[in-house]
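*Asks:*
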Amino acid sequence: MNKPYQIILTLLMSAAIFSCSPKNISTKYYFDNEQVLDQMEESFKNTYAEHPFSVAFTSRDFATVSVTIKTDTLNYIYDFNVGETRIADTLAAYGVPIAPVIELIKNMQSIKCAWISNYDYYTREKKNSLIFMSVKPVALKAPFKYARYYILTYFPQPQYFDSEGRLLERRKLRRLRKINGEIFKRINDKVCYSVSVNFR
């Protein structure tokens with residue numbers, strides 16, 4: 006192979022690898038589905054405030070969904086086929102708003118979002134909350150398949166980042182903030198991503 010062809014091949018391979026980087030895959034997924042993701046985040050935040058819960062898809066084809074309903078004493082986990090009337094009956098039994106949860110499940114299924122939940126954390130002894138979402142690799146349409154999950158976090162307020170876009174504890178404290186042991190990077194001021202072997 007002569008040198009010009011080697012150069013072209015090297016450039017093409019570099020472009021392919023760059024396009025499949027975690028940042029590019031996560032950012033593309035977010036912006037491709039931004040409207041639905043933002044709607045899901047807002048709906049989940051408001052519904053969670055009425056009654057804590059989380060939703061996770063437990064089958065590869067997104068046909069089976071698990072709903073965790075949190076009470077003062079226990080967490081109750083229920084598995085359903087998507088579309089079952091038992092979902093609404095169960096939500097009603099615990100006083101969880103039905104319509105927004107059913108819509109949330111449909112939206113998650115439409116963009117192959119595997120899990121959504123709330124996470125509490127503390128800064129300067131003040132309790133804060135963020136919203137976790139995880140995306141299965143099948144939803145990302147990448148040429149190479151990763152045996153990992155892409156995690157998106159929604160913060161309620163703008164965050165601080167270093168020059169590499171990594172999430173910081175505070176602006177003046179240049180220490181990286183880890184959540185569940187993971188380092189998160191910036192998509193925008195309030196949304197970050199990470200790659201994990203676990204989806205929750």
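Under my numbering, the first residue of the sequence shown carries the number 6, and numbering increases by one thereafter. Don't be surprised by glycine CBs; every beta carbon is placed ideally from N, CA and C. Predicted model only: the values in this text are computed from it and were never measured.
Look up A152 in the DSSP assignment and say whether it is helix, strand or coil.
*Replies:* Counting from 1 along the sequence shown, the entry for residue 152 is found at position 147. For A152, the pLDDT reaches just 47, beneath the cut-off of 50, and the residue's location in the model is therefore unreliable, leaving the point undetermined.
*Asks:* Quick one: residues in its chain with C-beta nearer than 7 Å to the C-beta of I103, no 5 flanking neighbours on either side, listed in chain order?
*Replies:* The sequence position of residue 103 within the sequence shown is 98, counting from 1. The residues are A93, L96 and A97.
*Asks:* Rounding to the nearest angstrom, what Cα-Cα distance links E108 and L79 in this structure?
*Replies:* Position 103 of the sequence shown, counting from 1, holds the residue named residue 108. Position 74 of the sequence shown, counting from 1, holds the residue named residue 79. Each residue's Cα considered, the two are about 25 Å apart.
*Asks:* So, helix, strand or coil for N112, using DSSP?
*Replies:* The residue labelled residue 112 in the question sits at position 107 within the sequence shown. Residue state, collapsed to three classes: helix.
*Asks:* Express the C-alpha separation of N112 and L172 in angstroms, rounding to a whole number.
*Replies:* The residue labelled residue 172 in the question sits at position 167 within the sequence shown. The residue labelled residue 112 in the question sits at position 107 within the sequence shown. L172 and N112: Cα-Cα distance of roughly 28 Å.
*Asks:* Between V72 and the rest of its own chain, which residues show a CB-CB distance below 6 Å, the 5 nearest in sequence each way excluded?
*Replies:* Residue 72 sits at position 67 when you count from the first residue of the sequence shown. Shown here for V72: same chain residues with a beta carbon closer than 6 Å to its own, the five before and five after excluded, namely V60 and Y83 in chain order.
*Asks:* Per DSSP, what kind of secondary structure is N51 in: helix, strand or coil?
*Replies:* Counted from its first residue, the sequence shown places residue 51 at position 46. Helix at N51.
*Asks:* So is N51 buried or exposed if we call it buried at 16+ other beta carbons inside 10 Å?
*Replies:* Locating residue 51 in the sequence shown gives position 46, where the first residue counts as 1. N51 comes out exposed.
*Asks:* Tell me the DSSP secondary structure of T32 in three-state form.
*Replies:* Looking up residue 32 in the sequence shown gives position 27. Correct three-state label for T32: helix.
*Asks:* Using the C-alpha atoms, what's the distance from R179 back to Y99?
*Replies:* As a first step, residue 99 is located in the sequence shown; it is residue number 94 there, counting from the start. As a first step, residue 179 is located in the sequence shown; it is residue number 174 there, counting from the start. So the two alpha carbons sit approximately 44 Å from each other.
*Asks:* Where does N38 land, buried or exposed, given buried means 16+ other C-beta within 10 angstroms?
*Replies:* As a first step, residue 38 must be located in the sequence shown, where it is residue number 33. By the neighbour-count rule (16 or more Cβ atoms within 10 Å), N38 is buried.
*Asks:* Could you tell me the alpha carbon to alpha carbon distance between I110 and D167, rounded to whole angstroms?
*Replies:* For this step, residue 110 is matched to residue 105 along the sequence shown. For this step, residue 167 is matched to residue 162 along the sequence shown. Their backbone Cα atoms lie some 35 Å apart in a straight line.
*Asks:* Measuring CA to CA, which of L157, I184, S199 and K117 is closest to D66?
*Replies:* To locate residue 66, count along the sequence shown from 1; it is residue 61. Minimum Cα distance to D66 is reached at K117.
*Asks:* For E130, which beta-bridge partners are listed by DSSP?
*Replies:* The residue you call residue 130 lines up with position 125 of the sequence shown. In the DSSP output, where bridge partners are listed per residue, E130 has none listed.
*Asks:* Between which two residues does the alpha helix (DSSP H) holding D94 run?
*Replies:* Here residue 94 corresponds to residue number 89 of the sequence shown, with the count starting at 1. Start and end: T90 to Y99.
*Asks:* Looking at C-alpha atoms only, which residue of E174, Q164, R191 and S31 is the closest neighbour of R129?
*Replies:* Taking the sequence shown and counting its residues from 1, one reaches residue 129 at position 124. By alpha-carbon distance to R129, the top candidate from E174, Q164, R191 and S31 is E174.
*Asks:* In chain order, what residues of the same chain lie with their CB nearer than 6 Å to the CB of N133, ignoring the 5 residues before and after it?
*Replies:* For the purposes of this step, residue 133 is taken as residue 128 along the sequence shown, with counting starting at 1. For N133, the CB contacts under 6 Å within the same chain, skipping 5 residues up- and downstream, are Y126 in chain order.
*Asks:* If the criterion is Cβ atoms closer than 8 Å, does the pair S201 and Y154 meet it?
*Replies:* Locating residue 201 in the sequence shown gives position 196, counting from the first residue. Locating residue 154 in the sequence shown gives position 149, counting from the first residue. Yes, these two residues count as a Cβ contact at 8 Å.
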